[in-house]
Amino acid sequence: MQGGHYFLLLLVGSLVSFSIACSTEHANQTTFDVGDYGAVSGGHIDDSEAFLKAWNAACTSETENPTLIVPPKRFLLNPIVFSGPCRAKNINFLILGRLLAPDSPGAWKGLDPSQWLAFKGVSGLNIAGPGRINGRGKAWWDQSCRDHPRLVGCSTLAPTAVKLVSCKNSSISDIHFVNSSQTNLLIRECDGINIENVLIEAPERSPNTDGIHISASHNVVITNAIIGTGDDCVSIGDHTSNIVISYVKCGPGHGISIGSLGRSGNFVQVENIHVSKVNLQGTTNGARIKTWQVGRGYVRRVSFEQIFFRSVKNPIIIDQNYCNKSGACK
């Protein structure tokens, strides 16, 4: 009997020691490779659950600078939200491989069709390459209401490739975006975002594929970017301030746009927008401000400097009667 109790105590002690060891190992871990959490790569099997497991481990890590690693392979991801806040002051999302969106809109059934990869409520987030994010948007373009208004069940909304919402003091660098279904990179309700050395590509006729859209955000810097899309290379929405854009090559696309602003009579507050050293080639517009006729508010302290235009249809345009469809707009 005593021997049995002794064995039981040893077993319980071993389990407790094992649990503490695992907990300590997780707490001290600095890198979190998605392959270690079940991602199989190849681009044919959904790896979003494995990515979420790796993210949750990194986000709850007690180390100072945890890094989630996407190795140099192909990974298929269904729509996914990486949520914060995280325990560490800074967290890295290192993309060495390729992230692939589902090639069918059916993957979004029952989910938010406006987003594919979303980061919400994360501070100190650093997304870095040199990896590629492929939105595989053709199926969405083929059912766009803008281009196919008579198509039954056409889509007015399609997924943004990467969305940052309510993030602070974060950065995106050395990433290649290709063929997003709609906007490539959306910054919304953020403060202190740095975007550097990004390459964004989508066909000239692809609908609503803005390169970078900034909305309700402050203190955003975009530098050293090459953007060619079917819509605005960079667009700036309502309630946005302190934006610096420099050393950007834009084309094809619709140029660098402030707006559209004031739709449905919204009160607009946009200020301290500084654009410089931008090369626009083969775009429909260059430096543009566009507001709906019912809009209210202000756009002020805006500068465009050292802008190079080549084969641009409307190099400088301010449109205070903007309408994005045929017929009357309200």
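What the sequence shown shows, in mature numbering (1 follows the signal peptide of the UniProt record, and there is no 0), is residues -23 to -1, 1 to 307, in sequence order.
Where is the CB? At the ideal position from N, CA and C, for every residue including glycine.
For a cut-off of 8 angstroms, the C-beta gap from SER194 to CYS167 is around 4 angstroms, short enough to register as a contact. Secondary structure remark: continuous alpha helix (DSSP H) runs of at least 4 residues inside the stretch 104 to 162, in chain order: 115 to 118.
Rounded to the nearest angstrom, the gap between the Cα atoms of PRO292 and GLY61 is 41 angstroms.
When Cβ pairs closer than 8 angstroms are counted between the two stretches, the stretch 262 to 271 is seen to touch the stretch 280 to 296, the count reaching three or more.
Between ALA179 and THR206, the alpha-carbon positions lie close to 5 angstroms from each other. Nearest neighbour of ASP296 by Cα position, chosen from ILE213, VAL198, LEU238, GLY169, turns out to be LEU238.
ASP10 sits in a strand when the DSSP states are folded into three classes. Taking 8 angstroms as the cut-off, the beta carbon of SER81 is found closer than this to the beta carbon of ALA116.
Note: VAL58 is bridge-paired with ALA95 in the DSSP secondary-structure output.
Residue range 195 to 205 is occupied by the beta strand (DSSP E) that includes ALA202.
Take SER147, set aside five residues on each side of it, and the residues of its chain with a beta-carbon closer than 6 angstroms to its own are LEU102, ILE170, in chain order. Taking the Cα positions, CYS300 is about 26 angstroms away from ASN156. In the three-state reduction of the DSSP assignment, LYS30 falls in the helix class. Just measuring C-alpha positions, the residue of PRO48, SER100, ILE152 sitting nearest ASP10 is PRO48. GLY106 counts as buried, since no fewer than 16 other beta carbons sit within 10 angstroms of its beta carbon. Positions of the beta strand (DSSP E) runs, each at least 3 residues long and wholly inside the stretch 274 to 301, are given as 291 to 296 in order along the chain.
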